[in-house]
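Remarks on the structure that follows.
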Amino acid sequence: MTASPAIATLPLRVAETRSLNPLIRLLRLEHAEGIALPGWAPGAHIQVQVRLPDGQADWRHYSLVDLEGVAGTPGFAPGTYTIAVRLEEGGRGGSRFMHQGLAPGDRVTVQPPRNDFPLEDGQSRAVLLAGGIGITPLASMAARCRAEGRPVDLHYAGRSRSLLAFADELKVLLGSGLRLHADDEAGGAGLDIGALLDGMTEGEPLYVCGPKPLLDAVLAATQARGWAPGRVHFELFSAPVVEAGDQPFEVELAQSGRRFTVPADQTVLDCLIDHGCDPLYDCKRGECGVCAVPVIEGEVDHRDYVLSQAEKDGGQVMQICISRAKGPRLVLDL
433 MTASPAIATL
443 PLRVAETRSL
453 NPLIRLLRLE
463 HAEGIALPGW
473 APGAHIQVQV
483 RLPDGQADWR
493 HYSLVDLEGV
503 AGTPGFAPGT
513 YTIAVRLEEG
523 GRGGSRFMHQ
533 GLAPGDRVTV
543 QPPRNDFPLE
553 DGQSRAVLLA
563 GGIGITPLAS
573 MAARCRAEGR
583 PVDLHYAGRS
593 RSLLAFADEL
603 KVLLGSGLRL
613 HADDEAGGAG
623 LDIGALLDGM
633 TEGEPLYVCG
643 PKPLLDAVLA
653 ATQARGWAPG
663 RVHFELFSAP
673 VVEAGDQPFE
683 VELAQSGRRF
693 TVPADQTVLD
703 CLIDHGCDPL
713 YDCKRGECGV
723 CAVPVIEGEV
733 DHRDYVLSQA
743 EKDGGQVMQI
753 CISRAKGPRL
763 VLDL
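All letters in the sequence shown, in the order written, are residues 433 to 766 by my numbering.
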């Protein structure tokens, strides 16, 4: 994504890097001129300009981490931003740049904090569910709840206990309010989404951040229980994944007549970018709705979290960052 000229970027410098585990690297960023940074509240993220292996510049978004509970308080003007980046094998190379291409003292260009996943005010218990690196925004939410004296429970799931970043710090912060669910722990309690939901009382909000399979399972379970959609707040922390049965298909751009083949392991959005097109987009996870495109012809396999069921059934618009064709061809109004 190209940074909008209307958005002033921040010239930051890497102040510290630290390995939290074999896959997750912590980076602390400070202003290159040594001045205070714009404040933010739990759930906010920054976008960092990365350099891909082919030399192209791109942007990646990373949630900001605060374990002190001060983010979002009046007058909050931090001296540094802290992020944690998981190394993603098989990606386009953005996370590898963040792991291997940056060292203390290096300059980075960053878009200021934006919050699409805010912690809402309230006195009821907040229940937080993190999968893998999805812990980053939820750790900040947990710290803020604790600082405010608000009841909070954090469930943190992952394949291995050794890969659960910030687990020790969160244990000190939350005590019995932290429940770890690591697949490799002998005698450990695996994540039981049904039990978690059944243990919540009416009106308690649920905040979820993690990979798509986790979010899909939670949304299916809450819908089956008749939960109102607004009670579940979520953010994805993974790129679109190849699903069983995904096939290549042709996409035609009606305004220019150009045609491309979208491979089974690529999104329409990335295919268009690779062919020199400049579509609008932001999150690349089917959450924000920025990449919505009218569909003139073809059947859409909707995989987003933006469109209503009626809009999906109508088949007249799709989110090209994540949705695909059910058939051999799509014609888009581009």
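By construction, the Cβ of each residue, glycine as well, lies at the ideal position given by its N, Cα and C atoms.
task = With DSSP collapsed to three states, give me the class of Thr699.
result = Note: Thr699 maps to coil in three-state DSSP.
query = Which residues bound the alpha helix (DSSP H) around Gln532?
reply = It spans Gly526 to Gln532 - the alpha helix (DSSP H) in which Gln532 sits, taken as one unbroken run.
message = Looking at chain E, is there any beta carbon in it that lies within less than 8 Å of the beta carbon of Thr633?
response = Here chain E cannot be found, since the structure has a single protein chain.
Inter-residue Cα distance where the pair is Cys577 and Ile752 = Each residue's Cα considered, the two are about 36 Å apart.
query = What do you get for Gly526, buried or exposed, if any count of 16 or more other CB atoms within 10 angstroms of its CB means buried?
reply = So Gly526 ends up on the buried side.
task = Measure from the alpha carbon of Gly511 to the alpha carbon of each residue in Leu469, Ala489 and Val517, then state which is nearest.
result = The shortest C-alpha separation from Gly511 is found at Leu469.
Chain-order list of residues whose beta-carbon lies under 8 Å from that of Gln555 (same chain, five-residue window excluded) = For Gln555, where only same-chain residues beyond five positions count, the Cβ hits under 8 Å are Arg582.
task = Tell me whether Ala757 sits in a helix, a strand or coil according to DSSP, three-state version.
result = DSSP places Ala757 in strand when its eight states are reduced to three.
request  = Return the CA-CA distance between Leu766 and Lys758, expressed in angstroms with no decimal places.
outcome  = Taking the straight line joining both Cα atoms gives about 19 Å.
ask   = My guess is that Leu762 and Val749 are in contact by the Cβ rule of under 8 Å, so how many angstroms apart are they, rounded?
value = In fact, because the Cβ distance is near 12 Å, the residues do not count as touching under 8 Å.
task = Taking Ser572 as part of the alpha helix (DSSP H), name the residues at either end of that continuous run.
result = Element bounds for Ser572: Ile567 to Glu580.
ask   = In whole angstroms, what is the alpha-carbon distance linking Arg591 and Gly471?
value = Approximately 33 Å, taken between the alpha carbons.
Cβ neighbour criterion (16 or more within 10 Å) applied to Gln488 = Taking a 10 Å sphere around the C-beta of Gln488, we find fewer than 16 other C-beta atoms and assign the residue as exposed.
query = So what does Met750 bridge to, in DSSP terms?
reply = Met750 is bridged to Val725.
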